[in-house]
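Working notes, structure below.
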Amino acid sequence: MAQRIGALVLAAGKGTRMKSDAPKVLKTLLGKPMLWYVEQALAILCGQAVYTVVGHRAESVEAVFPELAGRFVRQTEQLGTGHALATALPVLAAAGLDHVLVVNGDAPLVTAESLQRFRDAALAAKADVAFVSIELPDPAAYGRVVRQGDAVRIVEAKDFDPALHGPATGEINAGVYLVRLAVVAPLLAELSNDNKSGEYYITDLIGLAQAAGLRVLPVNRGADEAYLGINSPRELVGAEEILRRRIVDAHIDAGVVVRAADSVRIGPEVAIAPGVELCGPLELSGETRIKAGATLASHGVLLDAEVGEDVVIHSFCHLEKARVDAGCQVGPYARLRPGAVMEERARVGNFVEMKKSVLGPGAKANHLTYLGDAVIGAGSNIGAGTITCNYDGVHKHQTVIGERAFIGSNSALVAPVTIGNDALVGAGSVITSDVADGMLALGRGRQVTKARK
Ligand code: UD1
Ligand code: CA
Numbered sequence: 178m179a180q181r182i183g184a185l186v187l188a189a190g191k192g193t194r195m196k197s198d199a200p201k202v203l204k205t206l207l208g209k210p211m212l213w214y215v216e217q218a219l220a221i222l223c224g225q226a227v228y229t230v231v232g233h234r235a236e237s238v239e240a241v242f243p244e245l246a247g248r249f250v251r252q253t254e255q256l257g258t259g260h261a262l263a264t265a266l267p268v269l270a271a272a273g274l275d276h277v278l279v280v281n282g283d284a285p286l287v288t289a290e291s292l293q294r295f296r297d298a299a300l301a302a303k304a305d306v307a308f309v310s311i312e313l314p315d316p317a318a319y320g321r322v323v324r325q326g327d328a329v330r331i332v333e334a335k336d337f338d339p340a341l342h343g344p345a346t347g348e349i350n351a352g353v354y355l356v357r358l359a360v361v362a363p364l365l366a367e368l369s370n371d372n373k374s375g376e377y378y379i380t381d382l383i384g385l386a387q388a389a390g391l392r393v394l395p396v397n398r399g400a401d402e403a404y405l406g407i408n409s410p411r412e413l414v415g416a417e418e419i420l421r422r423r424i425v426d427a428h429i430d431a432g433v434v435v436r437a438a439d440s441v442r443i444g445p446e447v448a449i450a451p452g453v454e455l456c457g458p459l460e461l462s463g464e465t466r467i468k469a470g471a472t473l474a475s476h477g478v479l480l481d482a483e484v485g486e487d488v489v490i491h492s493f494c495h496l497e498k499a500r501v502d503a504g505c506q507v508g509p510y511a512r513l514r515p516g517a518v519m520e521e522r523a524r525v526g527n528f529v530e531m532k533k534s535v536l537g538p539g540a541k542a543n544h545l546t547y548l549g550d551a552v553i554g555a556g557s558n559i560g561a562g563t564i565t566c567n568y569d570g571v572h573k574h575q576t577v578i579g580e581r582a583f584i585g586s587n588s589a590l591v592a593p594v595t596i597g598n599d600a601l602v603g604a605g606s607v608i609t610s611d612v613a614d615g616m617l618a619l620g621r622g623r624q625v626t627k628a629r630k
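Start counting the sequence shown at 178; every next residue gets the next number (this note's numbering).
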């Protein structure tokens with residue numbers, strides 16, 4: 178009969194060493210919470226059979242992961258990792274699982290492949306309890322793997338005493354376990370909190386299982402950095418750097434040209450077509466999509482942006498929830514805020530801000546302009562210093578500009594207002610009423626020139 182294998186993520190701890198009130202597992206790496214990476218890897222392996230123990234500020238963790246609703250287990254008092262597993266036991270048993278892969282929620286570098294190899298090794302060896310061990314130059318605060326003869330157990334750093342346990346070997350516990358529920362469940366009752374932390378350690382299960390004659394299997398993964406745990410700000414930024422490099426390298430291997438790669442940050446959900454050229458420093462995050470032939474110069478920040486084919490984004494541009502269609506040119510120094518859409522071959526130049534506005538095909542706003550709540554038709558030219566006055570202090574209003582219109586420099590378009598196709602607005606105008614197709618509108622004082630005294 179096929180074994181039912183599920184997973185349990187331990188994410189209830191406060192993360193005291195992080196020195197922040199926010200739950201540790203919500204701390205982000207490249208824009209995504211630490212816990213998100215662990216859940217991603219486990220979903221690949223176990224689908225929906227993944228349960229998550231939450232406790233410290235449980236509601237805020239649950240709110241960030243609505244897709245996991247119904248699969249959270251509350252550990253109201255965080256009495257230790259062993260207690261976390263014991264708390265989840267009824268839920269795991271009710272799910273009919275034979276084996277449970279238990280993973281610390283603070284290990285965001287884990288990959289599905291690495292977990293899969295561990296799981297397969299443990300199942301092949303018919304282990305009752307298996308765990309991953311790794312070798313670190315400095316075992317720091319990790320639990321130490323202590324082997325004495327055939328016996329193996331884990332001793333937490335605080336409780337480790339060379340006189341009792343022998344010299345430290347550098348082999349440490351990674352915080353990933355595979356347990357066979359039927360035989361391990363009874364051992365949970367035997368855990369004690371008689372240790373330096375006063376906590377019920379999941380790691381004591383190893384020694385208990387061995388004493389009970391169960392089959393215990395350490396799976397040594399050498400110097401694998403996939404299992405680093407994050408407890409402090411230093412470890413957080415260190416792990417983020419490993420992840421950043423991993424993602425950048427994967428894009429380079431897939432055909433993206435990444436110059437100054439050391440200063441390029443790309444989120445795990447960003448999609449970039451082969452052949453795209455990027456130059457750091459650059460930050461691409463959220464669900465940003467970049468299509469073939471696009472070039473992004475340095476100092477850009479893109480969040481949930483869509484960049485079409487052959488687009489050129491010059492230096493120092495900021496795009497958030499904006500769409501830039503094929504052949505557009507952006508910047509330098511442009512800001513595209515949520516709802517900004519540039520249709521094909523449109524151009525936006527320096528110090529131009531767009532928000533909830535559409536710039537039609539081939540339309541241009543090249544200098545010093547604010548376009549908010551505006552729709553601009555194909556081929557129109559928005560002169561330098563044009564401002565759509567979209568806000569009357571209470572409400573936002575729309576500006577509609579037709580095709581091939583020409584807005585002279587330094588014009589204020591007071592919304593709601595409509596400028597027709599082929600209309601011309603004289604430079605320096607304040608436009609407060611609609612301009613029909615093909616008309617010329619001048620809304621400014623007439624120049625007076627007099628002889629000097
Ligand atoms: C743990 C291991 C240690 C191992 C290290 C690997 C124990 C006792 N020690 O130590 O051997 O080397 O991970 O990174 O397990 N948690 C709960 N409920 C609790 C306590 C913790 O859900 O009551 C969660 C935390 O949110 C965290 C995970 O369990 O995600 C591990 O807890 P943490 O306090 O970080 O354990 P370490 O001291 O790092
Ligand atoms: Ca930890």
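In this text, a Cβ means the ideal position worked out from N, Cα and C, and glycines have one as well.
Cβ shell of residue i (< 7 Å), same chain only, five flanking positions each side left out
| i | result |
| --- | --- |
| Asp336 | Asn372 and Lys373 |
| Ala555 | Gly537, Pro538, Gly539, Ala540 and Glu580 |
| Val241 | Leu203 and Pro210 |
| Ala188 | Val202, Leu212, Thr229, Val230, Val231, Val238 and Gly282 |
Limits of the unbroken beta strand (DSSP E) element including residue i
| i | result |
| --- | --- |
| Gly477 | Gly477 to Leu480 |
| Val444 | For the sequence presented, residue 444 should be read as Gly rather than Val. No beta strand (DSSP E) holds Gly444; DSSP gives it neither H nor E. |
| Val329 | Ala328 to Val332 |
| Pro395 | Val393 to Asn397 |
| Cys566 | Ile564 to Cys566 |
| Gln325 | Arg321 to Gln325 |
| His276 | His276 to Asn281 |
Distance CB(residue i)-CB(residue j) smaller than 8 Å
| i | j | result |
| --- | --- | --- |
| Glu460 | Val434 | no |
| Val529 | Val518 | no |
| Ser588 | Val602 | yes |
| Phe269 | Tyr228 | For the sequence presented, residue 269 should be read as Leu rather than Phe. Contact flag set, yes. |
| Ala235 | Arg251 | yes |
| Gly174 | Leu286 | Only positions 178 to 630 of the chain appear in the structure, and residue 174 is not among them; the question remains open. |
| Leu368 | Tyr377 | yes |
| Gly352 | Ala299 | no |
| Val329 | Gln293 | no |
| Tyr214 | Val279 | no |
| Ala450 | Ala469 | yes |
| Ala158 | Gly585 | This structure does not reach residue 158, given that the chain is present from 178 up to 630, and the question cannot be answered. |
| Ala302 | Leu394 | yes |
Straight-line Cα distance separating residue j from residue i
| i | j | result |
| --- | --- | --- |
| Asp297 | Gly516 | 47 Å |
| Tyr510 | Ile490 | 10 Å |
| Arg422 | Glu312 | 21 Å |
| Ala304 | Arg357 | 8 Å |
| Gly375 | Gly320 | 15 Å |
| Gly549 | Lys532 | 5 Å |
| Gly597 | Cys505 | 24 Å |
| Ala482 | His476 | 15 Å |
| Gly347 | Ser310 | 10 Å |
| Ala416 | His572 | 46 Å |
| Gln180 | Asp275 | 6 Å |
| Thr253 | Val230 | 10 Å |
| Ala359 | Ala503 | 58 Å |
| Glu464 | Thr205 | 16 Å |
| Leu405 | Thr258 | 17 Å |
| His342 | Ile383 | 15 Å |
| Asp338 | Pro458 | 47 Å |
| Ser462 | Glu446 | 7 Å |
| Gly183 | Leu513 | 44 Å |
Residue i - containing alpha helix (DSSP H), residue span
| i | result |
| --- | --- |
| Pro515 | It is not in any alpha helix (DSSP H) - Pro515 carries neither H nor E in the DSSP assignment. |
| Arg411 | Pro410 to Asp430 |
| Arg294 | Ala289 to Ala301 |
| Tyr404 | Counting along the chain, Tyr404 falls outside any alpha helix (DSSP H), and DSSP gives it neither H nor E. |
| Pro267 | Thr258 to Ala271 |
| Tyr214 | Met211 to Cys223 |
| Ser237 | Ala235 to Val241 |
| Val361 | Leu358 to Leu365 |
| His544 | Looking at the DSSP string, His544 is not in any alpha helix (DSSP H); the run it does join, the beta strand (DSSP E), is Lys541 to Gly549. |
| Leu187 | Element bounds for Leu187: not the alpha helix (DSSP H) but the beta strand (DSSP E), Ile182 to Ala188. |
Cut-off 6 Å between Cβ atoms - residues of its own chain near residue i, not counting five sequence neighbours on either side
| i | result |
| --- | --- |
| Ala471 | Val453, Val484 and Val488 |
| Asp381 | Leu368 |
| Ile221 | Ala289 |
| Pro546 | Checking the displayed sequence, the identity of residue 546 turns out to be Thr instead of Pro. Taken in chain order, the residues that qualify are Val529, Ile559 and Thr563. |
| Leu668 | The question about residue 668 has no answer here: the residues shown for the chain are numbered 178 through 630. |
| Phe295 | Val309 and Val396 |
| Ala334 | Ala318 |
Closer than 7 Å: residue i CB and nearest ligand 4 heavy atom
| i | result |
| --- | --- |
| Asn350 | Among the ligands modelled here, namely ligand 1 and ligand 2, ligand 4 does not occur. |
> What residues come near ligand 2, if near means a beta carbon less than 6 Å from any of its heavy atoms?
Replying inline: Selection around ligand 2 by beta-carbon proximity, strictly under 6 Å to any non-hydrogen atom, yields Asn281, Asp283, Gly406 and Asn408 in chain order.
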